[in-house]
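*Asks:* Protein chains in written order, with the UniProt record's numbering: chain A, 1 to 365; chain B, 1 to 288. This is the structure, below, for whatever I ask next.
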């Protein structure tokens, strides 16, 4: 059993053609979406739609940073909203003290790195559930700081009136800035994920002890991955605060971090498009459905539960799986007798099931 | 700052808060010990138990009835969550935890719908009136009762675990689930039972705790955080660890609130960070 798992994983990690094709398809889809996104302001949509799409893109950037950790490192973080909030507070504080927007970036980056380092140092010795709990605790620590350290953070009222740099003042230019940031973040995470660093990270996810005995410094890799992910999360935090001109403790709240996990799982852990799909659904439920239904958190919670029960790979992952199954059926219809498609009967060893949670489930058994 | 009356008061504050934490954390740690689930809905169970306890206590004026009603309601909820949801993902660590996050979401939102957003407390009529008086020193009986209750429940848990057949089955299940099911014991129902017991402990904590601190939206995250810190320090799965961690965090929190109120929230994280750095499995935890 374990041998088979190792084999299929090896095939996947070192790039079987199937995987390439899927990635190509993903990139194609992403390209098409990008074209739509670029022409969006010229389609005569209202400012509200542009603002909503900006919100989705910012959330997707943040979700992508969580997705990177979860997909490649098997580390599900429940505190990423805290990093984004740290960055937002850095910018907010700089703005309130009268620094120019350039300095806002510096403070935001400084806060991001500091927060990520704290998270990373505390959590790099842990994995799985323990990682989740430690990141949750640090996230709530940042929430508490935002709430109680009111001389710096403005307490419950937060900091408002934070202005973005002059040249990106108008809403549609800012939309393009956000779009560019999302594309850049996705590209960076994609490249890092497919680099030797990313491969080592997946090796650590699959078997920490094996990688350690091969001489990898597991903790440094984990810390490095966290710093990369944290930096992207900080970028999203800065974009968010420039978008809404406002930051309050709730932006660091555990609810926000849970929303990020919901986005990542909904979209599909470890998929390229997953964060965007998940972010779109969650933000739309939050902003559009909430004006019609009072109990939208319940609906979001139920959607989340259903996805975990019935579509573990998320929307992007499940669609991919569906395509694969269709193709496998077609191939076997054309050329019988064909070898069974890898791991069709046993879902726990199929290569497409490369979601973080399944690996962790196996670690325990 | 160091007067004996003040010190004694803070120690008792710490112990009573620690007692509340123990009621919370013991359920969480028991469920983790056997099922390897960090039940993220634990705070929501506390919240639900608290609301129902307050409502029933206000209606009947009887604390015991309130506690029993809240245990019943939360136990039924937990039973449904275990049988309808968690069984489908048994053995897959992350989906189990994520499911409980979803459950917590739903319960917290429904509580908001039913009980509103105002802070709620146990009515004074059901709280034990008066205070213990020794010279200058006064301390409310209710809080002393909470300490006593937590000790009683802790002792009962320890006795059940070490002296009874059910306890033996659970201890064996912690070490080796396959063997225990090979011996003809239906481990699935042991899991369900454990999950319900853990939730019931949270419900007791919620009702009793509503006499010490308000139940309001958001409390589910706050108490979950404290409980997590306690069991990270004590070691996941260890009831003794939960007891030590609760007392430690309770005392630290009480003295921090008295001496350095602005930083009180952070002082509980210092011991957690230290424990994580030097003993990642917690003080009483076994290596995973």
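Each residue gets a CB set at the ideal place from its N, CA and C atoms; glycine is no exception. Please read all numbers here as calculations on a predicted model, not as lab measurements.
Closer than 9 Å, Cβ to Cβ, to anything on chain A: give me those residues from the stretch 96–111 of chain B, in chain order.
*Replies:* So the close ones are 96, 97, 98, 99, 101, 102, 103, 104, 105, 106, 107, 108, 109 and 110.
*Asks:* If you follow the beta strand (DSSP E) that residue 140(B) is part of, which residue opens it and which one closes it?
*Replies:* Element bounds for residue 140(B): 137–140.
*Asks:* Flag residue 88(B) as yes if its beta-carbon sits less than 8 Å from any beta-carbon of chain A, otherwise no.
*Replies:* True, the Cβ-Cβ gap to chain A drops below 8 Å.
*Asks:* Sort 326(A), 284(A) and 251(A) by Cα distance to residue 143(A) and report the nearest one.
*Replies:* Among 326(A), 284(A) and 251(A), the Cα nearest to that of residue 143(A) is on 251(A).
*Asks:* Is it right to say residue 38(A) is buried, meaning 16 or more other beta carbons lie within 10 angstroms of its own, or is it exposed?
*Replies:* Looking at its Cβ environment, which holds fewer than 16 other Cβ atoms inside 10 Å, residue 38(A) is exposed.
*Asks:* Taking any Cβ of chain A, which residues in the stretch 259–283 of chain B have a Cβ under 7 Å from it, in chain order?
*Replies:* The stretch 259–283 of chain B vs chain A, Cβ under 7 Å: 262, 265, 266, 269, 272, 273, 276 and 280.
*Asks:* Establish whether the CB of residue 228(B) and some CB of chain C are separated by less than 8 Å.
*Replies:* Included in the structure are the protein chains A and B, with no chain C among them.
*Asks:* Return the residues of the stretch 287–301 of chain A that lie within a Cβ-Cβ distance of less than 7 Å from chain B, sorted by chain order.
*Replies:* The stretch 287–301 of chain A vs chain B, Cβ under 7 Å: 295, 297, 298, 300 and 301.
*Asks:* Name the two residues that bound the continuous beta strand (DSSP E) containing residue 131(B).
*Replies:* Start and end: 131–134.
*Asks:* Could you check whether residue 83(A) and residue 230(A) sit closer than 8 Å to each other, using their CB atoms as the reference points?
*Replies:* Yes, they are a contact pair.
*Asks:* Could you please give the first and the last residue of the uninterrupted alpha helix (DSSP H) stretch that includes residue 261(B)?
*Replies:* That residue, residue 261(B), is in no alpha helix (DSSP H); it is neither H nor E in DSSP.
*Asks:* For residue 168(A), which residues of its own chain have a beta-carbon under 7 Å away from its beta-carbon, when the five flanking residues on both sides are left out?
*Replies:* So the qualifying residues of the chain are 174 and 177.
*Asks:* In angstroms with no decimal places, state the Cα-to-Cα distance between residue 162(A) and residue 324(A).
*Replies:* C-alpha separation (whole angstroms): 48 Å.
*Asks:* For the stretch 211–236 of chain B, which residues have a beta carbon sitting closer than 9 Å to at least one beta carbon of chain A?
*Replies:* Taking 9 Å as the Cβ-Cβ cut-off against chain A, the residues of the stretch 211–236 of chain B that qualify are 218, 221, 222, 224, 225, 228, 229, 231, 232 and 236.
*Asks:* Take every Cβ of the stretch 56–64 of chain B, pair it with every Cβ of the stretch 212–219 of chain B, and state whether three or more of those distances are shorter than 8 Å.
*Replies:* These segments do not touch.
*Asks:* Might you give, ordered along the chain, the residues of its own chain that have their beta carbon closer than 7 Å to the beta carbon of residue 140(A), omitting 5 neighbours on each side?
*Replies:* Excluding sequence neighbours, residue 140(A) sits near 254.
*Asks:* By how many angstroms is the C-alpha of residue 21(B) removed from the C-alpha of residue 273(A)?
*Replies:* Distance between the alpha carbons of residue 273(A) and residue 21(B): 42 Å.
*Asks:* Grouping DSSP H, G and I as helix and E and B as strand, with all else coil, what is residue 217(A)?
*Replies:* Reduced to three states, the DSSP call for residue 217(A) is coil.
*Asks:* Just to make sure I have the definition right: I need the residues of chain B whose C-beta is within less than 7 Å of the C-beta of residue 254(A). Which are they?
*Replies:* The answer, in chain order, is 221.
*Asks:* Kindly indicate which three-state DSSP category residue 160(A) falls into: helix, strand or coil?
*Replies:* It is a strand residue.
*Asks:* Ignoring anything shorter than 3 residues or poking outside the stretch 289–313 of chain A, list the beta strand (DSSP E) runs there in chain order.
*Replies:* List check, beta strand (DSSP E) in window: nothing returned.
*Asks:* For the stretch 268–283 of chain B against the stretch 226–233 of chain B, do three or more pairs of beta-carbon atoms, one drawn from each stretch, fall closer than 8 Å, so that the two count as touching?
*Replies:* Contact between the stretch 268–283 of chain B and the stretch 226–233 of chain B is present, because at least three Cβ pairs lie under 8 Å.
*Asks:* Nearest to residue 50(B) by alpha carbon, out of 147(B), 223(B), 185(B) and 155(B)?
*Replies:* It is 223(B) whose Cα lies nearest to the Cα of residue 50(B).
*Asks:* The alpha helix (DSSP H) spanning residue 271(A) covers which residue range?
*Replies:* Premise fails: residue 271(A) is in no alpha helix (DSSP H) and is neither H nor E.
*Asks:* Write down every uninterrupted run of the alpha helix (DSSP H) in the stretch 122–158 of chain A whose length is 4 residues or greater and which is fully enclosed by it, in chain order.
*Replies:* 128–148 and 150–153, all fully within the stretch 122–158 of chain A.
*Asks:* What residues in the stretch 58–91 of chain A have a beta carbon less than 7 Å from any beta carbon of chain B?
*Replies:* For the stretch 58–91 of chain A, which is checked against every Cβ of chain B, the residues closer than 7 Å are 76.
*Asks:* Got a sec: which bits of the stretch 109–130 of chain B sit with their beta carbon under 9 Å from any beta carbon on chain A, in order along the chain?
*Replies:* Against chain A - using a Cβ distance shorter than 9 Å - the residues of the stretch 109–130 of chain B are 109, 110, 112 and 113.
*Asks:* Cβ closer than 8 Å: which chain B residues qualify as neighbours of residue 304(A)?
*Replies:* What residue 304(A) touches in chain B: 98, 101, 102 and 105.
*Asks:* For the stretch 37–52 of chain B, which residues have a beta carbon sitting closer than 7 Å to at least one beta carbon of chain A?
*Replies:* From the stretch 37–52 of chain B, only 38 have a Cβ closer than 7 Å to chain A.
*Asks:* Where does residue 213(B) fall in DSSP's three states?
*Replies:* Note: residue 213(B) maps to coil in three-state DSSP.
*Asks:* In its own chain, which residues sit with a C-beta less than 6 Å from the C-beta of residue 78(A), not counting the 5 before and 5 after it?
*Replies:* Cβ neighbours of residue 78(A) beyond the five flanking positions: 132, 135, 136 and 257.
*Asks:* Using the C-alpha atoms, what's the distance from residue 34(B) back to residue 203(B)?
*Replies:* Straight-line Cα distance between these residues: approximately 20 Å.
*Asks:* For residue 27(B), which of 43(B), 266(B) and 250(B) has the nearest alpha-carbon?
*Replies:* That would be 43(B), whose Cα lies nearest to the Cα of residue 27(B).
*Asks:* Taking only beta carbons into account, state which residues of the stretch 157–184 of chain B come closer than 7 Å to chain A, listed in chain order.
*Replies:* Within the stretch 157–184 of chain B, no residue has a Cβ that lies closer than 7 Å to any Cβ of chain A.
*Asks:* Give the residues of chain A in contact with residue 85(B), contact being defined as C-beta atoms less than 8 Å apart.
*Replies:* By Cβ distance, chain A contributes 305 and 309.
*Asks:* So which residues on chain B does residue 141(A) lean against when the C-beta distance must stay under 8 Å?
*Replies:* Within chain B, the residues near residue 141(A) are 265, 266 and 269.
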